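Heads up, the sequence shown is in this note's numbering, so the first residue is 3 and it goes up one at a time. Where is the CB? At the ideal position from N, CA and C, for every residue including glycine. Keep in mind that this is a model prediction, so the values were computed, not measured.
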Amino acid sequence: MAAVDSATTGGKPRRDRTMSLAGHLIELRKRLVISAAALVVGMIIAFIVADPVIHFITEPIRIVIDKRGDDFAALNFGSVTSAFDLRMRIAFSIGIFLAAPIWLWQIWAFIMPGLTKKEIKYTIAFVAAAIPLFFGGCYVGLVVTPHVIELMWGFTPEGGVNFYSAKEYYDFVFKLMIVIGVSFVLPVFLVALNVAGVMSGRTIIRGWRVAVLIATVFAALATPAADVVSMLMLAGILIVLFFAAAGLSMLFDRRKSKRQNDVLGEL
Numbered sequence: 003m004a005a006v007d008s009a010t011t012g013g014k015p016r017r018d019r020t021m022s023l024a025g026h027l028i029e030l031r032k033r034l035v036i037s038a039a040a041l042v043v044g045m046i047i048a049f050i051v052a053d054p055v056i057h058f059i060t061e062p063i064r065i066v067i068d069k070r071g072d073d074f075a076a077l078n079f080g081s082v083t084s085a086f087d088l089r090m091r092i093a094f095s096i097g098i099f100l101a102a103p104i105w106l107w108q109i110w111a112f113i114m115p116g117l118t119k120k121e122i123k124y125t126i127a128f129v130a131a132a133i134p135l136f137f138g139g140c141y142v143g144l145v146v147t148p149h150v151i152e153l154m155w156g157f158t159p160e161g162g163v164n165f166y167s168a169k170e171y172y173d174f175v176f177k178l179m180i181v182i183g184v185s186f187v188l189p190v191f192l193v194a195l196n197v198a199g200v201m202s203g204r205t206i207i208r209g210w211r212v213a214v215l216i217a218t219v220f221a222a223l224a225t226p227a228a229d230v231v232s233m234l235m236l237a238g239i240l241i242v243l244f245f246a247a248a249g250l251s252m253l254f255d256r257r258k259s260k261r262q263n264d265v266l267g268e269l
């Protein structure tokens with residue numbers, strides 16, 4: 003890459019500041035093409051294995067069927083192309099995850115030459131913490147989803163029939179996973195703000211009441227009002243992550259203060 007060849011040493015950014023706009027655009031286009039190709043390959047693989055995924059996310063419907071009989075619940079495909087559309091949605095979603103190592107690397111390779119060594123270190127730490135937290139949140143979403151659907155089914159009146167639209171059903175499951183996954187990453191942003199010097203650890207911890215309120219309200223909105231167990235579980239995890247971020251930020255502040263005192267002592 004032309005930007006890397008012109009790298010400099012020390013704490014200065016390694017991207018050549020004289021690189022033309024056209025050069026940046028060509029580099030960006032190359033990264034986008036590679037990322038798109040990886041996504042297409044991931045989607046093809048995901049399309050082939052869509053059946054086990056559909057079987058997994060429709061488990062709550064089978065629970066309803068076992069409890070009330072075959073005539074009381076079903077995944078409904080309302081048009082000629084609905085089944086194919088569902089597979090394409092699943093293929094796109096899973097394809098993004100399968101291709102993540104490649105497109106994340108392409109983003110990193112494009113940005114990295116413009117970062118200092120210190121910024122690169124912080125970025126790696128941020129990504130290393132954010133990715134497992136995001137997937138952990140997605141897993142919690144999968145754990146919560148069957149309870150949510152089964153609970154909502156319980157409000158169906160006697161004699162009623164639950165026909166779940168395939169599109170809406172999948173959107174509900176997928177969006178719930180994404181929302182909870184993103185919420186798990188938010189504490190990492192607090193630590194990033196602390197490292198950047200925008201917010202101190204004491205400032206973060208002083209807002210614990212607001213954080214608890216926000217976590218509780220978010221958990222209540224993300225789960226049905228009647229599902230108290232899922233709400234408390236989600237809110238509890240978010241609160242623990244907030245206090246972990248606050249504690250880590252205070253530790254960083256202490257180390258930063260110690261280094262400053264050591265420098266002043268040497269002077």
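Spatial distance of residue 45 from residue 144 (CA atoms)
Roughly 21 Å between the two C-alpha positions.
Write down every uninterrupted run of the alpha helix (DSSP H) in the region 33 to 112 whose length is 4 residues or greater and which is fully enclosed by it, in chain order.
For the alpha helix (DSSP H) assignment, the uninterrupted runs of no fewer than 4 residues enclosed by the region 33 to 112 are, from N- to C-terminal side, 52 to 59, 61 to 70, 84 to 100.
Assess, as a yes-or-no matter, whether the region 178 to 195 is touched by the region 132 to 140 under the definition of 3 or more beta carbon pairs within less than 8 Å.
Counting Cβ pairs under 8 Å, three or more are found: they touch.
So, under 8 Å CB-CB, residue 238 and residue 167 are touching, yes? Tell me the CB distance rounded to an integer number of Å.
Contact flag wrong, Cβ pair sits at about 32 Å.
Can you find the residues in the same chain that come closer than 8 Å, C-beta to C-beta, to residue 104, ignoring five residues on each side of it along the sequence?
Excluding sequence neighbours, residue 104 sits near 36, 37, 40.
Exposure label - residue 162; buried when at least 16 CB within 10 Å:
Classification of residue 162: exposed, given that the 10 Å Cβ count is below 16.
Would residue 251 and residue 193 be called neighbours here (beta carbons separated by less than 8 Å)?
Yes, the Cβ-Cβ distance between residue 251 and residue 193 is below 8 Å.
Would you tell me roughly how many angstroms separate the C-alpha atoms of residue 76 and residue 151, rounded to the nearest one?
Straight-line Cα distance between these residues: approximately 13 Å.
For residue 166, which residues does DSSP report across the bridge?
Residue pairing of residue 166 in beta bridges, as defined by DSSP: 77.
Quick check: residue 141 and residue 59, are their CB atoms within less than 8 Å of each other?
For residue 141 and residue 59, no; Cβs fall outside 8 Å.
Should residue 185 be labelled buried (16 or more other beta-carbon atoms within 10 Å of its own) or exposed?
With 16 or more neighbouring CB atoms inside 10 Å of its own CB, residue 185 falls in the buried class.
Among 107, 50, 245, 27, which one has its Cα closest to the Cα of residue 129?
Answer by Cα proximity: 107.
Can you say whether residue 244 is buried or exposed, counting buried as having 16 or more other CB atoms within 10 angstroms of its CB?
Buried is the call here.
Three-state secondary structure (DSSP) at residue 8?
Because residue 8 carries a pLDDT of 41, less than 50, the predicted location of this residue cannot be relied on, and the following value inherits that uncertainty. Coil.
Could you tell me if residue 246 is buried or exposed, where buried requires 16 or more neighbouring beta carbons within 10 angstroms of its beta carbon?
Exposed: under 16 other Cβ atoms inside 10 Å.
Identify, in the order they occur along the chain, each residue of the same chain with its Cβ nearer than 8 Å to the Cβ of residue 201, setting aside the five sequence neighbours on each side.
These residues qualify, in order along the chain: 192, 195, 251.
From what residue to what residue does the alpha helix (DSSP H) around residue 219 run?
Here the alpha helix (DSSP H) through residue 219 covers 210 to 224.
Cβ neighbour criterion (16 or more within 10 Å) applied to residue 50
With fewer than 16 other Cβ atoms inside 10 Å of its own Cβ, residue 50 counts as exposed.
Neighbourhood of residue 11 by C-beta, 8 Å cutoff - its chain only, sequence neighbours within 5 removed:
The predicted position of residue 11 is uncertain, since its pLDDT is 46 and thus under 50; a value taken from the coordinates is nonetheless stated next. Spatial neighbours of residue 11 in its own chain (CB-CB distance under 8 Å, excluding positions within 5 residues in sequence) are not present.
Select from 204, 210, 211, 212 the residue whose C-alpha is nearest the C-alpha of residue 256.
Closest by alpha carbon: 204.
With a threshold of 7 Å on Cβ separation, who are the neighbours of residue 2 within its own chain once the five nearest residues in sequence on each side are excluded?
The shown model of the chain, from 3 to 269, leaves out residue 2, and the question about it has no answer.
Below 8 Å on the Cβ atoms is my guess for residue 139 versus residue 183; work out the distance and round it to an integer in Å.
Taking the Cβ atoms as the reference, residue 139 lies roughly 4 Å from residue 183, within the contact range of under 8 Å.
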